[in-house]
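Undergrad:
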Amino acid sequence: MQFKILEKFQIVPTIHQMIIDAPKIAKKAKAGQFIILKIDETGERIPLTIADFDSEKGTITTIFMEVGKTTKHLSTLNAGDSLQDFVGPLGNPSKIEPSDTVVCVGGGVGVAPIYPIARAHKAIGNKVISIIGARSAELLLWEDKMQEVSDELYITTDDGTKGHHGFVTDVLKKLLEGDEPISLVVSIGPAIMMRTVAGVTHPFGVKTIVSLNSIMVDGTGMCGACRVLVGNETKFACVDGPEFNAHEVDFTLLMNRLMMYRDEEQQALENYKCDNEGCQC
Amino acid sequence: MLERNDMPRQDPDKRRSNFGEVALGYSHEQALAEASRCIQCKKPSCVAGCPVGIDIPAFIQYMADDNMDAAIRELKSMNALPAICGRVCPQETQCEEICVLGNKGEPVAIGRLERYAADHEQDKIETEAVASAKATDKKVAVVGSGPAGLTAAAELAKMGHGVTLFEALHKAGGVLVYGIPEFRLPKSIVQSEVEYVESLGVDLQLNNVVGKLDTVDELLEEYDAVFLGTGAGLPVFMGIDGENLSGVYSANEFLTRVNLMKAYQFPGYDTPVKRGQRVVVVGGGNVAMDSARCAVRLGAEEVTIVYRRGEDEMPARNEEIENAQEEGVKFKLLSNPTRILGDESNWVTQLECLNMELCEPDESGRCRPVPLEGSQHLMDVNVVIIAIGTSPNPLIPMTTKGLETSKWGTIIADEDGLSSKEGVYGGGDVVTGAATVISAMGAGKTAAKAINKYLKRDK
Ligand SMILES: Cc1cc2nc3c(=O)[nH]c(=O)nc-3n(C[C@H](O)[C@H](O)[C@H](O)COP(=O)(O)OP(=O)(O)OC[C@H]3O[C@@H](n4cnc5c(N)ncnc54)[C@H](O)[C@@H]3O)c2cc1C
Ligand SMILES: Cc1cc2nc3c(=O)[nH]c(=O)nc-3n(C[C@H](O)[C@H](O)[C@H](O)COP(=O)(O)OP(=O)(O)OC[C@H]3O[C@@H](n4cnc5c(N)ncnc54)[C@H](O)[C@@H]3O)c2cc1C
Ligand code: SF4
Ligand code: FES
């Protein structure tokens, strides 16, 4: 069985949106879950968060950033092309419960997966404040969609080309110091950003949830590639997570394990560029 | 008495650097010669040693008569996957262990003969017989496409039921594709068995994680019965310090990368695996041997098996232990890891072990290893593979109402495979815990019969 790409376009430089025809998965998908795809016979299995889903149309939307061979290859595919394998929904859904103000913090490509979570909180009547950030204005994702599901939206850019000049955590800290009754912070982005968010919220004792992006193979609890240390216990991010209590996560371990195949990834990417973009070596 | 015929194997020096099959199989002459060693006992003991009760003397007699078609038909009447079993069954503890020739000399090489007959087979003999089974209006969902699920699906399809086979991974075969390496069981053989099962009309649904897509309870709304053959795929770690260092793998991850994802062909295939120079594999079963031998083929300078008991206690097939030794794998027996050490970037650098001593066997007959105080020592390593066991994945029990499990997480089932839930059957590793290919197949077959009876109960 092949999984058809219905739509595929670049949202901002190096970040793409891809809509896949996967009716069975769309019927079951919930905010916070992910899929694993494999492009073709020789491809690697890579996880991507379900950024949106439409159970009526039977579609799954993913947003991905070009970082290596597989995501580069993916970026060259177009509507009408197919993926060989597409499996999900994997991982546990986000817990969406009535509460005081929820702050959703998304950085870089992490804005996309935070969107369905913000939407789900909004849908049950929680007040949602969102903070989204990017390196630069031209790389900022889904501002309009986030606006729709947030009571307040803050924007930050590292270079000051839009919104607050600085990091998402600067704004988060201000909010925590203010009068807003914040009972939950949800954050998705690069590991280093999630670690900083955890550090900022910790002194305030506000419950903080992060979605961990450890390296995965099967995504069903069979291999342990994805193991992370949470509250000093080894957990498999694919089945025990991907969301965890940020204050208990060992981020250093996560970041180190994410680097495990750096040499191989570099080699794969260079080979790919050689074959497809003209050799520079 | 004639001596047992050796099976040709790839030269150890050559095979250390390729993933081609190690055991090359008998030639026609060798097969005939070995088959004629069987003395055709009136009361053959070997049959009792075969978990699926193959009429061993009968198929061997056909082979001795050079009637290979009849031999394979005989085998296939009891065992749907002889090409696989001939390669991976632990014959030395099953049929061959109790062959009478073994009393004085060496037993008949039943497994090698089975393999020869199966490899010889050109066409699928059974396909004709099957077409005649009358279609029923019953539907069965089989979950998991390992040997248990494949067998149950094939048997149920032959009985005329509509069968859908759900598999979580992108390839069918279970451990046969993700665990057991190419050099021991070529994937083309597994593939042709899967195609055979599909040719019986089984609808194979890959990339379908039951419990995440449909739950068992939801399947029961659409299907009249469910068979669970989901295996024991959850890796067990030792719970020692340093297990999460980079370079420390579960055997499942290492083997899945190498076999299922073909990391040995990286960068031709995209999935990487760390090629360590000094590799330690912890454990003494087939899984440990397979991991060690993969590491050798990935170019390691030194591969060591660390096992806490002695050689006699190692549960791996004898042939694979021998093969591993020939390929240069070192064995550090009576040794148990206590700690894994790493560098500042979280990479594994050393393994701390403790020497062990075997005490007198207890009532159960097993020798428990006890640590020798003060015998800690360090080994330099850059890849550690943990192969100390697996347990069933809790996903299905967690998402199925009224499905009882034991304290080891295995699904509780009676001798027919019936679980605590009506219409739900199970078999293979998910019921027994990690066991063998042939016992999983046997369980799949038994459950298929019981399911057939259950489906026909009203008539
Ligand atoms: C649960 C989960 C959800 C994710 N959701 C998204 C998403 O919505 N959008 C998005 O752009 N990215 C997401 N990622 C990260 C994405 O999977 C990686 O960027 C992708 O695998 C990189 O593959 P590559 O071949 O292009 O790059 P590579 O060059 O192979 O790797 C680049 C980096 O990606 C990480 N990575 C590599 N292989 C894997 C793997 N098999 N599994 C996980 N991480 C890997 C490593 O940190 C590596 O350093 C998610 C990861 C996880 C675990
Ligand atoms: C490395 C290794 C070497 C071995 N060597 C030998 C040997 O030489 N001889 C021997 O006899 N035995 C050997 N064994 C043991 C043997 O392979 C197993 O006992 C046998 O495969 C069990 O079969 P099974 O059908 O019960 O499960 P498995 O083969 O484990 O198959 C289970 C299948 O179910 C799928 N599944 C799990 N959960 C779900 C779900 N929720 N939804 C859909 N699908 C699901 C899995 O992906 C898998 O494909 C070895 C095992 C390993 C790991
Ligand atoms: S199936 Fe296994 S146990 Fe049975 S005869 Fe063949 S090798 Fe022996
Ligand atoms: S990815 Fe294999 S266990 Fe999580």
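The listed protein sequences correspond, in order, to chains A and B.
For the first sequence, counting from 1, position 230 maps to 278 in the numbering used here; every step adds exactly one.
For the second sequence, counting from 1, position 46 maps to 78 in the numbering used here; every step adds exactly one.
Using N, Cα and C, we set each Cβ at its ideal position, and we do this for glycine too.
1. Which residues of chain A have a Cβ atom closer than 7 Å to the Cβ of residue 415 of chain B, listed in chain order?
2. For residue 277 of chain A, which residues in chain B fall below 9 Å Cβ to Cβ?
3. Less than 8 Å between the CB atoms is what I'm expecting for residue 293 of chain A and residue 278 of chain A, so what's the real figure, rounded?
4. Between B:40, B:464, B:39 and B:59, which lies nearest to residue 265 of chain B when the distance is taken from Cα to Cα?
5. Starting from the beta carbon of residue 300 of chain B, find every residue of chain A whose beta carbon is closer than 9 Å, and list them in chain order.
6. Where does residue 64 of chain A sit, in a helix, a strand or coil, going by DSSP?
7. If I measure Cβ to Cβ from residue 40 of chain B and keep anything under 6 Å in the same chain, skipping five residues before and after, which residues do I get?
8. Is residue 333 of chain B a contact residue of ligand 1, with contact defined as CB to any heavy atom under 7 Å?
9. Quick one: which chain B residues come within Cβ less than 7 Å of residue 308 of chain A?
10. Could you work out which residue in A:233, A:85 and A:314 is closest to residue 145 of chain A when comparing CA atoms only?
11. Under three-state DSSP, which class holds residue 451 of chain B?
12. Bridge partners for residue 155 of chain A per DSSP, in chain order?
13. When the distance is taken between beta carbons, is residue 488 of chain B closer than 8 Å to residue 183 of chain B?
14. In terms of residue numbering, what span does the alpha helix (DSSP H) encompassing residue 299 of chain A cover?
15. Which partner residues does residue 202 of chain A have in the DSSP bridge list?
16. Pull up the distance between the alpha-carbon of residue 301 of chain A and that of residue 276 of chain A, whole angstroms please.
17. Taking a cut of 7 Å between CB atoms, which residues from the stretch 244 to 256 of chain B lie near chain A?
18. Is there at least one non-hydrogen atom of ligand 2 closer than 7 Å to the beta-carbon of residue 318 of chain B?
19. Spatial neighbours of residue 81 of chain A within its chain, please: CB distance less than 8 Å, with the 5 preceding and 5 following residues excluded, ordered by chain position.
20. Am I right that residue 401 of chain B and residue 366 of chain B are in contact with their C-beta atoms under 8 Å? What's the rounded C-beta distance?
21. Can you find a CB in chain D that lies within less than 8 Å of the CB of residue 266 of chain A?
22. Just checking, does the stretch 182 to 202 of chain B make contact with the stretch 241 to 256 of chain A on the three C-beta pairs under 8 Å criterion?
23. According to DSSP, what are the bridge partners of residue 423 of chain B?
24. Residues around ligand 4, please: the condition is that the C-beta lies closer than 7 Å to some non-hydrogen atom of it.
25. Is any beta-carbon of chain B found at less than 8 Å from that of residue 167 of chain A?
26. Relative to the C-alpha of residue 219 of chain A, which candidate in A:207, A:231, A:227 and A:202 has its C-alpha closest?
27. Check the Cβ of residue 392 of chain B against every Cβ in chain A and list those closer than 8 Å, keeping chain order.
28. Between the alpha carbons of residue 481 of chain B and residue 220 of chain B, how many angstroms are there, rounded?
29. Drop a sphere of 10 angstroms on the beta-carbon of residue 38 of chain B, count the other beta-carbons inside from all chains shown, and report buried for 16 or more, exposed for fewer.
30. Please list the terminal residues of the continuous beta strand (DSSP E) segment that includes residue 382 of chain B.
31. Show which residues of chain A have a CB atom less than 7 Å away from the CB atom of residue 122 of chain B.
32. Among B:383, B:74, B:417 and B:399, which one has its Cα closest to the Cα of residue 409 of chain B?
33. How should residue 461 of chain B be labelled, buried or exposed, when 16 other C-beta atoms within 10 angstroms of its C-beta is the threshold for buried?
34. Using a Cβ-Cβ distance cut-off of 8 Å, determine whether residue 330 of chain A contacts chain B.
35. Are residue 423 of chain B and residue 435 of chain B closer than 8 Å when you measure CB to CB?
36. Going by DSSP, what residues sit across from residue 109 of chain A in a beta bridge?
TA: Based on what the coordinates show:
1. Walking along the second sequence from the start, residue 415 of chain B turns up at place 383. Within chain A, no residue comes near residue 415 of chain B; the closest Cβ sits about 11 Å away, beyond 7 Å.
2. For the purposes of this step, residue 277 of chain A is identified with residue 229 of the first sequence, where counting begins at 1. Residues of chain B with a Cβ closer than 9 Å to the Cβ of residue 277 of chain A are, in chain order, 276.
3. Position 245 of the first sequence holds residue 293 of chain A. Position 230 of the first sequence holds residue 278 of chain A. Between residue 278 of chain A and residue 293 of chain A the Cβ distance is about 7 Å, and since that is below 8 Å, they are a contact.
4. By one-based count along the second sequence, residue 265 of chain B stands at place 233. Measuring from the Cα of residue 265 of chain B, the nearest candidate turns out to be B:464.
5. Residue mapping note: residue 300 of chain B aligns to position 268 of the second sequence, counting from 1. Chain A residues near residue 300 of chain B: 90.
6. Indexing the first sequence from 1 puts residue 64 of chain A at position 16. Look at residue 64 of chain A here: in three-state DSSP terms it is strand.
7. Position 8 of the second sequence, counted from the first residue, corresponds to residue 40 of chain B. Cβ contact annotation for residue 40 of chain B (same chain, cutoff 6 Å, sequence separation greater than five): 56, in chain order.
8. Walking along the second sequence from the start, residue 333 of chain B turns up at place 301. Because no heavy atom of ligand 1 lies under 7 Å away, the Cβ of residue 333 of chain B does not count as near it: no.
9. On the first sequence, residue 308 of chain A is found 260 positions in, with the first residue counted as 1. By Cβ distance, chain B contributes 278.
10. Translated into positions along the first sequence, residue 145 of chain A becomes position 97. Checked all of A:233, A:85 and A:314; the closest Cα to residue 145 of chain A is A:233.
11. By one-based count along the second sequence, residue 451 of chain B stands at place 419. Reduced to three states, the DSSP call for residue 451 of chain B is coil.
12. The count along the first sequence starts at 1 and reaches residue 155 of chain A at position 107. Residue 155 of chain A is bridged by DSSP to A:181.
13. Along the second sequence, read from residue 1 onward, the residue named residue 183 of chain B stands at position 151. Along the second sequence, read from residue 1 onward, the residue named residue 488 of chain B stands at position 456. No, Cβ-Cβ distance for residue 183 of chain B and residue 488 of chain B is not below 8 Å.
14. Walking along the first sequence from the start, residue 299 of chain A turns up at place 251. For residue 299 of chain A, the enclosing alpha helix (DSSP H) begins and ends at 299 to 306.
15. As a working mapping, residue 202 of chain A is identified with position 154 in the first sequence. According to DSSP, residue 202 of chain A bridges with A:179.
16. The sequence position of residue 301 of chain A within the first sequence is 253, counting from 1. The sequence position of residue 276 of chain A within the first sequence is 228, counting from 1. One C-alpha to the other measures close to 7 Å.
17. Going along the stretch 244 to 256 of chain B in chain order, one finds 244 and 245 with a Cβ nearer than 7 Å to chain A.
18. Looking up residue 318 of chain B in the second sequence gives position 286. Residue 318 of chain B has its Cβ nearer than 7 Å to a heavy atom of ligand 2.
19. In the first sequence, counting from the first residue as 1, residue 81 of chain A sits at position 33. The answer, listed in chain order, is 97, 98, 136, 137, 138, 139, 140 and 141.
20. What you label residue 401 of chain B is simply residue 369 of the second sequence in a count that begins at 1. What you label residue 366 of chain B is simply residue 334 of the second sequence in a count that begins at 1. 7 Å between Cβ atoms; contact.
21. In summary, chain D is missing from the structure at hand, where the protein chains are A and B.
22. With the cut-off at 8 Å, the stretch 182 to 202 of chain B and the stretch 241 to 256 of chain A do not touch.
23. Indexing the second sequence from 1 puts residue 423 of chain B at position 391. For residue 423 of chain B, which the question treats as bridged, DSSP gives the partners B:266.
24. That gives A:264, A:265, A:266, A:267, A:268, A:269, A:270, A:271, A:272, A:273, A:274, A:284, A:285, A:286, A:287 and B:285.
25. Residue 167 of chain A sits at position 119 when you count from the first residue of the first sequence. The beta-carbon of residue 167 of chain A is placed no less than 8 Å from the nearest beta-carbon of chain B.
26. Along the first sequence, one-based indexing puts residue 219 of chain A at 171. Checking every option, the nearest Cα to that of residue 219 of chain A belongs to A:202.
27. Within the second sequence, numbered from 1, the residue matching residue 392 of chain B stands at position 360. Contacts between residue 392 of chain B and chain A, judged by CB atoms closer than 8 Å, are missing: the closest CB pair is about 36 Å apart.
28. The residue labelled residue 481 of chain B in the question sits at position 449 within the second sequence. The residue labelled residue 220 of chain B in the question sits at position 188 within the second sequence. In a straight line, the C-alpha of residue 481 of chain B is about 29 Å away from that of residue 220 of chain B.
29. In the second sequence, the residue the question calls residue 38 of chain B occupies position 6. The residue is exposed, with fewer than 16 neighbouring Cβ atoms inside 10 Å.
30. Here residue 382 of chain B is taken as the residue at index 350 of the second sequence, counted from 1. Counting along the chain, the beta strand (DSSP E) containing residue 382 of chain B begins and ends at 380 to 390.
31. Against the second sequence, residue 122 of chain B aligns to sequence position 90. What residue 122 of chain B touches in chain A: nothing, since even the nearest Cβ is about 24 Å away.
32. Counting from one through the second sequence, the residue named residue 409 of chain B turns up at place 377. Comparing Cα-Cα distances from residue 409 of chain B to each of B:383, B:74, B:417 and B:399, the minimum goes to B:383.
33. In the second sequence, residue 461 of chain B corresponds to position 429, counting from 1. Counting every other CB atom within 10 Å of its CB across the protein chains shown gives residue 461 of chain B a total of 16 or more, marking it as buried.
34. Nothing can be reported for residue 330 of chain A: it is not among the residues displayed for chain A, which extend from 49 to 329.
35. Translated into positions along the second sequence, residue 423 of chain B becomes position 391. Translated into positions along the second sequence, residue 435 of chain B becomes position 403. Remark: C-beta atoms of residue 423 of chain B and residue 435 of chain B do not approach each other more closely than 8 Å.
36. Walking along the first sequence from the start, residue 109 of chain A turns up at place 61. Per DSSP, A:67 and A:100.
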